[in-house]
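Going by the working numbering, the sequence shown opens with residue 376, and the numbers climb by one from there. Worksheet: one structure, shown below.
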Amino acid sequence: MNRRMIVTIVVVVLCIGLLFAIANIFQRMCISLVFPTSGIGVILVGVWMYMTWVIWKKQTKIFNGQMESEKAERQYKKLKALLIAAGLLLLLGIIGAVGHNALYAMKKIEESVFFFTAIVGLFGFVLTTIGGLIYYFTRRKAT
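Structure follows, in structure tokens:
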């Protein structure tokens, strides 16, 4: 793997760890956690957008040129499926959050279905985005 890429991954992981540490300090001081969690969300959405752009722009050329074309095509399809699933889960999470907030604003009742949908969608987005990154870097390294 490229040295610059390894340094970038380490810096991103350290930044996310720092955001979690800051969030913990803010929580102990009874300060809102909007900014640290927003930062993590922005990072993950940015990673998802970059990975999607790389997949659609470069297609199977993202994997090593020494790999068989069939194997590269299979890995490309799996990575593409992960990114599509992440996008759909992000959309599901946003719809759930907006539906929950709209229902609460109109009727002043807590609707657990929309809330649960938002949590599952956003948590699934986080997992599939991180899974896509791991899959991308391990497959590039393996080739």
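Beta carbons: idealized from backbone N, C-alpha and C, even for Gly. Given the structure is predicted, the values throughout are model-derived calculations rather than measurements.
Cα-Cα separation between phenylalanine 500 and arginine 449, rounded to whole angstroms: Inter-residue distance for phenylalanine 500 and arginine 449 is about 22 Å (C-alpha atoms, whole angstroms).
Can you name, in chain order, every residue of its own chain whose Cβ lies under 7 Å from the Cβ of alanine 493, other than the five neighbours on each side? Counting only Cβ-Cβ distances below 7 Å, and skipping sequence neighbours, we find Gly468, Gly471, Ala472, His475.
Check whether the segment 483-491 touches the segment 507-514, taking contact to mean three or more Cβ pairs, one atom from each stretch, closer than 8 Å. No, they do not touch.
Taking the straight line between their C-alpha atoms, what separation do you get for leucine 463 and lysine 446? Taking the straight line joining both Cα atoms gives about 26 Å.
Rounding to the nearest angstrom, what Cα-Cα distance links lysine 452 and methionine 481 in this structure? For lysine 452 and methionine 481, the distance between alpha carbons rounds to 43 Å.
Can you give me the start and stop residues for the alpha helix (DSSP H) that glutamate 448 sits inside? First-last of the alpha helix (DSSP H) with glutamate 448: 444-482.
Give the straight-line distance between the Cα atoms of glycine 507 and leucine 454, rounded to the nearest whole angstrom. Cα to Cα, glycine 507 sits roughly 6 Å from leucine 454.
For my contact list, threonine 503 and alanine 461 are in at a C-beta cut-off of 8 Å; report their separation, rounded to the angstrom. About 4 Å; that satisfies the 8 Å criterion.
Beta-carbon proximity check, leucine 458 vs methionine 426, cutoff 8 Å: Yes.
For my contact list, serine 418 and valine 387 are in at a C-beta cut-off of 8 Å; report their separation, rounded to the angstrom. Inspection of the sequence shows that residue 418 is occupied by isoleucine rather than by serine. Going by Cβ atoms, the distance from isoleucine 418 to valine 387 rounds to 7 Å, so yes, they are a contact pair.
With a threshold of 8 Å on Cβ separation, who are the neighbours of isoleucine 391 within its own chain once the five nearest residues in sequence on each side are excluded? Within its own chain, the residues whose Cβ lies closer than 8 Å to the Cβ of isoleucine 391, once the five positions on either side in sequence are excluded, are Ile415, Ile418, listed in chain order.
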